[in-house]
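In terms of my numbering, the sequence shown opens at residue 5 and continues consecutively.
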Amino acid sequence: MIARDDSGLRLEEDDIDDILYSVRTDDKEELDSFLKSLADKYSIAEKDVLQSSVAEHSGNTAVHFAAANGLSALLTHILQILNLHTDSDYINQRNKAGNTALHWSSLNGHLETTKTLVEAGADLWARNFAGNLAVFEAERAGKDDVVAYLLKVGGTEKETEGQSNGAEASEEVAGEDVQMDDPVEAASEDMAATNLNG
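Structure follows, in structure tokens:
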């Protein structure tokens, strides 16, 4: 199966799986090799290959997987390849459950990756499809250091303001069992998930 992003780039699903698997397993050398090979094949920049690598079934990106597994060094490397500006929407790309990489990093209590994402321009006030902010996901998971950091950099004024909006979102999903997606979900159905941080 071939995947296409907004720029029209087509990647084979196997290529996407290889890229995302190399991220999930924290294999920087393999990731770089795949990116170079595909960039040469399509005569485009590695950044474009990376941005086109989105898991078809989940909508997860390399940034999601690096953040979910607390892979700070690899996340920094990926962000350098992407060369994002702080006003870029890519850092806030949502998967099919509406979660950004910041939601995943926060939920799993990865303070360093959370800081890296915030410094790269992640939106602290982005809500997933359940209506939850990243700080709420961290609080619900008992990740107090991440909660303290997000409150420090984001303040509480907008959080209080957002509570009225959150109530509306909660009403919209009332009666539905909306769960946070698995932070180490496989890039394809037959690929086993790997949580490298125990």
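Every residue gets a Cβ at the ideal spot worked out from N, C-alpha and C, and that includes glycine. Quick caveat: nothing in here was measured; it's all calculated off a predicted structure.
Query	Result
So, is N136 buried or exposed, given that buried needs 16 or more other C-beta atoms within 10 angstroms?	buried
Could you tell me whether the Cβ atoms of A134 and L154 are closer together than 8 angstroms?	no
Specify, as a first and last residue, the run of the alpha helix (DSSP H) that E33 falls within.	K32 to Y46
Nearest to Y25 by alpha carbon, out of V157, L83, E116 and T65?	T65
Residue range of the alpha helix (DSSP H) that E16 falls in?	E16 -> not in any alpha helix (DSSP H); beta strand (DSSP E) instead, spanning R14 to E16.
I95 and A124 - do their beta-carbons sit closer together than 8 angstroms?	yes
Identify every run of the alpha helix (DSSP H) within the region 73-143, keeping only runs that are complete inside it and at least 4 residues long; order them along the chain.	76-86, 105-111 and 115-123
Quick check on DSSP: helix, strand or coil for G63?	coil
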